[in-house]
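Student: Using the numbering used here, you'd call the opening residue of the sequence shown number 1 and step up by one each time. This is the structure, below, for whatever I ask next.
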Amino acid sequence: MSKLFSEFRIKDLVLKNRIVMPPMCMYSAGGDGIITDWHPIHYASRAIGGVGLIIVEATGVCPEGRISGNDLGIWDDGHIPGLRSLVDLLHSHGAKVGLQINHGGRKCEAPGMDIEAPSPLPFDTESKVP
1 MSKLFSEFRI
11 KDLVLKNRIV
21 MPPMCMYSAG
31 GDGIITDWHP
41 IHYASRAIGG
51 VGLIIVEATG
61 VCPEGRISGN
71 DLGIWDDGHI
81 PGLRSLVDLL
91 HSHGAKVGLQ
101 INHGGRKCEA
111 PGMDIEAPSP
121 LPFDTESKVP
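This is the structure we're talking about:
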C-alpha cells in the first residue's frame, strides 16, 4: 500500500498514482456506437475520485463485432468527437486514458448483424452459430 499513491512512470507516460480502472462492458452507448451523456458522468467520477489510469470499456472495431447493440464504437470517424471530448475531460481531472479495442467474435449479439468468428461454434447453447 505504501506505493499505491506514488507516481508511476512507463517510459514517457507518467501516472499520478498506481490506481487503474480496468475496462468493463457497460452497454451504454447509442445503437451507432456513439458516446452518450452517461459516459462522461461515469468516467469523470472515477477521475475526480483519483484514479490514475482509466481504460475505457470494450469498444467495437466494427458494427458486426459488438457484443451488444449498445457497445461503444471506434469503427467510424463519427466516433472521434465524443471520444476526444471524453479524453479531454478525463485529462482535465488528472487521469490518463486508454481504450480496449474489441471484437466480440462468437459472443456478438448486436441486433441485425451476422456473427463473425474463427469457427462455427456458438458461445453457448442459446447463442447463434457464427
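By construction, the Cβ of each residue, glycine as well, lies at the ideal position given by its N, Cα and C atoms.
1) Got a sec, what are the start and stop residues for the beta strand (DSSP E) Ile48 sits in?
2) From Gly82 to Ile35, what does the alpha carbon distance come to, in whole angstroms?
3) Check Lys107 in the structure and name its three-state DSSP category.
4) Hey, out of Gly65, Gly52 and Glu57, whose CA is closest to His39's CA?
5) Using a threshold of 7 Å, state whether the C-beta atoms of Gly60 and Gly73 are closer than that.
6) Which two residues bound the contiguous alpha helix (DSSP H) that contains Arg84?
7) Three or more C-beta pairs under 8 Å: does that hold for the region 109–117 against the region 91–101?
8) For Glu64, which residues of its own chain have a beta-carbon under 8 Å away from its beta-carbon, when the five flanking residues on both sides are left out?
9) What are the partner residues of Asn102, as DSSP defines its beta bridges?
10) Report the residue from Ile67, His91, Leu89 and Thr125 whose alpha carbon sits nearest the alpha carbon of His103.
11) Relative to the alpha-carbon of Gly50, which residue among Glu7, Leu13 and Arg84 has its alpha-carbon at the smallest distance?
Tutor: Result, derived from the coordinates:
1) Here Ile48 belongs to no beta strand (DSSP E); instead the alpha helix (DSSP H) covers Trp38 to Ile48.
2) Here the C-alpha atom of Gly82 lies approximately 6 Å from the C-alpha atom of Ile35.
3) It is helical.
4) Glu57
5) Yes, Cβ-Cβ distance for Gly60 and Gly73 is below 7 Å.
6) Ile80 to Ser92
7) no
8) Cys108, Ala110, Met113, Asp114, Ile115 and Glu116
9) Gly60
10) Of the candidates Ile67, His91, Leu89 and Thr125, Ile67 places its Cα closest to the Cα of His103.
11) Glu7
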